[in-house]
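Throughout the sequence shown, residue numbering follows my numbering, covering 382 to 645 in sequence.
Glycine is no exception: its CB is placed at the ideal position from the N, C-alpha and C atoms.
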Amino acid sequence: MESVSGAARIRRHEDVKSAARVLEVLELLGAEGARLSLADMASTLAVPKSSLHAVLRTMESRRWVETDPSGTLYSLGLKALLTGTAYLESDDLAGIAGPVLDLLAEETGEAVHLGRLDDTDVVYLAKRESRHALRMYSAVGRRLPAHATALGKAILSQYDEAEVQRRLNWPLPALTPSTVTDPDELLAQLAESRKRGWAVDEGESSVDIRCVAVPLGTGHGGGDAISCSAPRIRMDDARLSEIAAQVSEAAHSLRTLLRRLGEH
Numbered sequence: 382m383e384s385v386s387g388a389a390r391i392r393r394h395e396d397v398k399s400a401a402r403v404l405e406v407l408e409l410l411g412a413e414g415a416r417l418s419l420a421d422m423a424s425t426l427a428v429p430k431s432s433l434h435a436v437l438r439t440m441e442s443r444r445w446v447e448t449d450p451s452g453t454l455y456s457l458g459l460k461a462l463l464t465g466t467a468y469l470e471s472d473d474l475a476g477i478a479g480p481v482l483d484l485l486a487e488e489t490g491e492a493v494h495l496g497r498l499d500d501t502d503v504v505y506l507a508k509r510e511s512r513h514a515l516r517m518y519s520a521v522g523r524r525l526p527a528h529a530t531a532l533g534k535a536i537l538s539q540y541d542e543a544e545v546q547r548r549l550n551w552p553l554p555a556l557t558p559s560t561v562t563d564p565d566e567l568l569a570q571l572a573e574s575r576k577r578g579w580a581v582d583e584g585e586s587s588v589d590i591r592c593v594a595v596p597l598g599t600g601h602g603g604g605d606a607i608s609c610s611a612p613r614i615r616m617d618d619a620r621l622s623e624i625a626a627q628v629s630e631a632a633h634s635l636r637t638l639l640r641r642l643g644e645h
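Dropping the structure here:
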């Protein structure tokens, strides 16, 4: 019985390792957003190519990953898209936010986003495009460091300084020359955002793009916010204040809808 029990424990351990490896592959391909070779992934994940190749063959057969025509480069597969879509369809906030985001985009004429804090990043859950030809690049599912975005700073402003220090990985990376990486400066910005009810990104994630964001709450394990972004040439200080009021009104509408949803 001892040997059988020991063998069972070993099998369970190997099963857990295999499951962890699958998740590591999905997270790596999702973070990179590009095709990777077996060698690249094995090096990044610090695992033998032979064992990783066996995992990738299984994932490919189940459509979680796919290869290029040469069969040497891997990317996320159709099953990953379907699962991500199912997440958005089942999320209460993403489900009810559509009309509010549509109206905000129509009123401002600029790009509108719904974002959620995930670890130290903000992930875009929804987007409405600007009506202008000159616009910022973004996409649903894109991740950006929270400290470098208005969405992230709006969410972080809901926490006290100790919690912000705990949630972020220091030192902070700079995405542009304007990204705030100094702890004292960032905490001061968050205090100001907390006081006025909205946060600003001054070209900190994309050069020459200004963004205003308003928090929705600290649910979903991190928090949510909505934002409006535009090139600096279309968003001077007066326009920024006007858009901040419009985003604040949209955020209030979303909070009201969420509260009513929770009452039923």
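- Pull up the distance between the alpha-carbon of Glu383 and that of Val397, whole angstroms please. Low per-residue confidence applies at Glu383: pLDDT is 48, beneath 50, and the placement is therefore not dependable, though the value from the model is reported in the following sentence. The alpha-carbon separation between Glu383 and Val397 amounts to approximately 21 Å.
- Unbroken stretches of the beta strand (DSSP E), 3 residues or longer, contained in the stretch 432-473: 446-448, 454-457, all fully within the stretch 432-473.
- Message: What residue range does the alpha helix (DSSP H) around Ala507 cover?
- Response: In the DSSP annotation of this structure, Ala507 is not part of any alpha helix (DSSP H); the continuous beta strand (DSSP E) holding it starts and ends at 502-509.
- Item | Extent of the continuous beta strand (DSSP E) to which His494 belongs | Per DSSP, His494 belongs to the beta strand (DSSP E) from 492-499.
- Distance between beta carbons of Ala535 and Ala594, contact taken as under 8 Å: With a Cβ gap of about 4 Å, Ala594 and Ala535 count as contacting.
- Using the Cα positions of Val403 and Gly496, report the straight-line distance between them to the nearest angstrom. So the two alpha carbons sit approximately 26 Å from each other.
- Message: For Pro526 and Ser399, what's the separation of their Cα atoms in angstroms?
- Response: Their Cα atoms are separated by approximately 29 Å.
- What are the boundary residues of the alpha helix (DSSP H) that includes Arg548? Segment 542-548, the alpha helix (DSSP H) holding Arg548.
- Query: Pick from Val406, Val545, Ala531: whose alpha carbon is nearest that of Glu583?
  - Reply: Here the closest residue by C-alpha is Ala531.
- Decide if Ile614 is buried, meaning its Cβ has at least 16 other Cβ atoms within 10 Å, or exposed. If you draw a 10 Å sphere on the C-beta of Ile614, you find fewer than 16 other C-beta atoms in it, and that means exposed.
- Paired residues, beta bridge with Pro564 - DSSP: Under DSSP, no beta-bridge partner is assigned to Pro564.
- Task: Would you mind stating whether Leu553 and Val561 have Cβ atoms separated by less than 9 Å?
- Result: Result yes, Cβ atoms of Leu553 and Val561 sit closer than 9 Å.
- Task: Look at the alpha carbon of Ser431 and the alpha carbon of Leu597, and state the distance between them as a whole number of angstroms.
- Result: Their backbone Cα atoms lie some 46 Å apart in a straight line.
- Message: Considering just the uninterrupted stretch of the beta strand (DSSP E) at Asp582, what are its terminal residues?
- Response: In the DSSP annotation of this structure, the continuous segment of the beta strand (DSSP E) that includes Asp582 starts and ends at 580-583.
- Message: Based on DSSP bridge pairs, tell me the residues matched to Arg524.
- Response: Secondary-structure assignment with DSSP links Arg524 through a beta bridge to Val504.
- Task: Quick one: give me the first and last residue of the alpha helix (DSSP H) that Arg636 is part of.
- Result: Arg636 -> alpha helix (DSSP H) spans 618-643.
- Item | Cβ-based neighbour list, Trp551, same chain, cut-off 8 Å, excluding 5 preceding and 5 following | For Trp551, where only same-chain residues beyond five positions count, the Cβ hits under 8 Å are Pro564.
- Query: Exposed or buried, which one is Tyr518 when buried takes at least 16 other CB atoms within 10 Å?
  - Reply: Flag for Tyr518 reads exposed.
- Item | Test item: CB-CB of Leu417 and Leu410 under 9 Å | With respect to Leu410, Leu417 sits close: the two C-beta atoms are nearer than 9 Å.
- Task: Label Ala514 either buried or exposed according to how many other C-beta atoms from any shown protein chain fall within 10 Å of its C-beta, with 16 as the threshold for buried.
- Result: Ala514 comes out exposed.
- Separation of Glu585 from Leu621, as counted between CA atoms: C-alpha separation (whole angstroms): 16 Å.
- In angstroms with no decimal places, state the Cα-to-Cα distance between Ala580 and Gly465. Counting only the Cα atoms, Gly465 lies some 28 Å from Ala580.
- Message: What does the Cβ neighbour count give for Arg591, buried or exposed, with the cut at 16 atoms within 10 Å?
- Response: It counts as buried.
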